[in-house]
Each structure stands twice: as C-alpha cells, then as structure tokens.
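Residue numbers (the numbering used here): 595 to 1035.
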C-alpha cells in the first residue's frame, strides 16, 4: 500500500505539515544523511533520524490513518521528523520492501490490537432484528414518558412564576424536590438534577432572585426545545437530549470519525452529583488547539479512577459526542503511556476573547454550564475585591474557586496563563502556565 498509486504527492505532504515552520524544517531533513533504518511495509513508514542528541528519534507513520509517532519532544503534530520521512517516501527514496523496525512494528501492533478490540466490541454490540425492534419500542416508550413529564413540568414552571418567587418561600425547596422526583419517574434525570440544584437556592443565597429566575428560564427553554424538537437541527436535538439525561453509548461515539492529536491534560475537577462521583478532565490538542472534556464516573462510594493526569500529554484519537458545541469526548486509540509535559509555550486569550468564546458556546448550547479557556494576564488579589486576572489591555475577569490561592502562589506576580472553566460568575481555575510550564493546581 505504501507504494504505487497509494503514494502521497509532495503537495499532500505540504498540506500535512501543521505550519510553514514544520514544513520547511521537514524539507531540510528530507535527505539521507540523518536517517538510518528507513523503510516501508504495507501502510507503515519508519526510520531513525539523528537530531542534536545522542539517541536518534524513532519515527513511525501509518499513512492509512494517517497516524504519526515520533520520540522527539516536539509539540507539533506531525513533527518535522515525520514530515521529512513523508517527503522521502513521496519522492520514492524509501525501500518499499523493508522489514519493519522493532519500534515501528510494536507501535503498529498496538494500534491494530486496539482496532481489533473496538471491532469485537461493536460486533458483540450488534443486535438481532428482534432486539432492534424491542430497543426501538423502549426508546419510543421513554420518549412518551419524557413528553408527559415535561408537560407536567411546564405547568409547574408556570405556577412558580404566576405565584411569585418570594411567595411561600418556606416550602419552595420541598416543591422543587418533589418535582425533581417526578422527573426521575419520567426518565429525565438531567432535569431532575437541575431542579435539585434550584431547590438549594434559599432566600439567604446571594442574588437568589436572579439565580432562580435564570434557572427556571433555562428549564422552560429546555421544555420548549424538546416539545418542538422536530423543527430543530439534528445537532441541537442531540444537545437537548443530553441535557434531559439521554445517554449515548460509548461504542456509538467510537464509531464516529475521530480527531488525532497530542492532547495536553490541562486539569480536572471532581464533584458529587446524585450519589454519583464525577471527574471532569479537560484536554487541549497541541496541533488543533481544540478543547475536549473526558468524563469518568463512580457510583456507590467507589473511588474515581482515571488514566489522564494533569501535566501530561498523550497521543490519542478522540471521538466526540453528538451535539453542539462538540466538547465531550471518548478516548479511542492512544499511546500506552502519557508523557510528562516538559514545556508548553501556549499563548492564552485576552479576557475579551475568552468571553467571546464563552458567548459563542452559550449561543450554540444555552444550557452549557461552563466553557474551557486559557486566559493570559497577571493574577492579582485585592484587599476587598477578591482575585482577578488582568490582561494586557487592562480588562479583568474574576478568578473563583478554591484553586485561586494556589494559582496566586504559583504565578508569584509573573505573567501567566490560567486554564479553567469560564461561566457567568468568573474563571474557575484548575491550572496555571508560568514560564511555559504547566502546573496543575
């Protein structure tokens, strides 16, 4: 496959380079001098490229993916060594009959094993026509229950606004919890969670009228969106279903096209929701700059586990859940081990840019609780005003949450990039990048 009509053109290699700098560097390395153990077999290209260090970099490429692997510390994807190897291949300067080097065959075998496991998983998940029919009936029955439950919720919301939020506030918590229980019976657990959150807002909660009104408004919008789902685009319907509590099987997500990149594990946050522990892990693609959210769950008091650790980077393919904006992801094929992130020369957004990102995401998904951002500036602590990140333009955003003090200690008055979740209250920080080094908080 690596030869003949399947061989890439030089122009295609040009397009594969992530930027002009990598393309030019790859072109300079596309000469025999620094290369050893170069070969091609099937769709696999491989070779060792001597850099400035003692040990040559090991480069492997599966052109069918394409997928790239290089032992160099570059944050570009593909790196200059992989691009150089592609140029050598495109120009016919690689032995098409070579036997794969050990490092390349091991890498290719890992990906093959992962693909086999996914195929077997999908095959095991295949259902007979009778099972498909039964599943369709269960889905239709659930839709009917959600229809009835949300019709009841619409009346409840109208009653709350009609009587006034302050009326009979002593029993407001009980009313909301009772309605949440009805939503559980209606198989709309996402709505139940929102109602329980609103039940926690009392007359002593700061800005309680605003928070309660906003929460009721979002619930009303969710009800209307579901009732008129036949008029909505498919991606928005998927978003509505997710907020109602419909789940998507991981096998179905993994069957969609993935995004291959080296993903930086930026930070994580744990929370307890409805007797289930939830871990949210935020990632960002080195080449794509794309944010992603991977979630882990544990029930019954079991400890949360995760194979993604802040301050590391992992070569992986992420598959994104349906909906908009595409954010939540499932990890597909990946390298065996995440690597420590030595440096990360990331350029953060300004405060205005971060807020624009949040507004754009919220316009796509009005029920979105927060959006991951990287904001550059100087972290300050006022005597009465709390924590704030001030950017080069003088704009500021409040820094909230228990990680604000550690972030201040890490920054030490130096310019930094804060990573966190931005919402209407401010930036809930989870990590800081100072002097190109990511520090998980």
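Even glycine gets a Cβ: it sits at the ideal position worked out from N, Cα and C.
Helix, strand or coil: how does DSSP classify residue 662 here?
strand
Of the residues 825, 795, 697, the one placed nearest residue 642, counting alpha carbons only
Answer by Cα proximity: 697.
Whole-Å CB distance - residue 1005 paired with residue 1026, under 8 Å assumed
6 Å
Determine the direct distance from the alpha carbon of residue 981 to that of residue 658, and round the result to whole angstroms.
50 Å
Could you check if residue 671 is buried or exposed, using at least 16 other CB atoms within 10 Å of its CB as the buried criterion?
buried
Give the list of continuous alpha helix (DSSP H) stretches no shorter than 4 residues that lie fully inside the segment 906-957.
none
Is it buried or exposed for residue 1020, if we count other Cβ within 10 angstroms and need 16 for buried?
Within a 10 Å sphere around the beta-carbon of residue 1020 sit 16 or more other beta-carbons, which makes this residue buried.
For a test of the three-state rule: what should DSSP assign to residue 809, helix, strand or coil?
helix
Could you give the DSSP three-state label for residue 1025: helix, strand or coil?
strand
Distance between residue 614 and residue 899 (C-alpha atoms, nearest Å):
Rounded to the nearest whole angstrom, the C-alpha separation of residue 899 and residue 614 is 40 Å.
Candidates 1022, 791, 739, 804, of which the one nearest residue 755 by Cα
804
Pick from 679, 665, 870, 1007: whose alpha carbon is nearest that of residue 617?
For the residues 679, 665, 870, 1007, the minimum Cα distance to residue 617 belongs to 679.
The segment 916-934 contacting the segment 790-810, beta-carbon criterion three pairs below 8 Å
no
Own chain residues within Cβ distance below 6 Å of residue 602, not counting five before or after:
684
Tell me which residue opens and which closes the beta strand (DSSP E) that residue 651 is part of.
Here the beta strand (DSSP E) through residue 651 covers 651-656.
From residue 702 to residue 911, what does the alpha carbon distance come to, in whole angstroms?
One Cα belongs to residue 702, the other to residue 911, and the distance between them is close to 15 Å.
Can you tell which of 663, 647, 732 has the C-alpha that lies nearest to the C-alpha of residue 654?
Out of 663, 647, 732, 663 has the C-alpha closest to the C-alpha of residue 654.
Which first and last residues belong to the beta strand (DSSP E) in which residue 972 is found?
965-976
Classify residue 731: buried if its beta carbon has 16 or more other beta carbons within 10 angstroms, exposed otherwise.
exposed
Using alpha carbons as the reference points, say which of 792, 784, 665 lies closest to residue 816.
784
Expressed to the nearest angstrom, what Euclidean distance is found between the alpha-carbon atoms of residue 939 and residue 907?
14 Å
When the distance is taken between beta carbons, is residue 775 closer than 7 Å to residue 739?
no
Distance, residue 689 Cα to residue 951 Cα:
48 Å
In the DSSP output, what is residue 880 paired with across the bridge?
Note: residue 880 sits in no beta bridge, so no partner.
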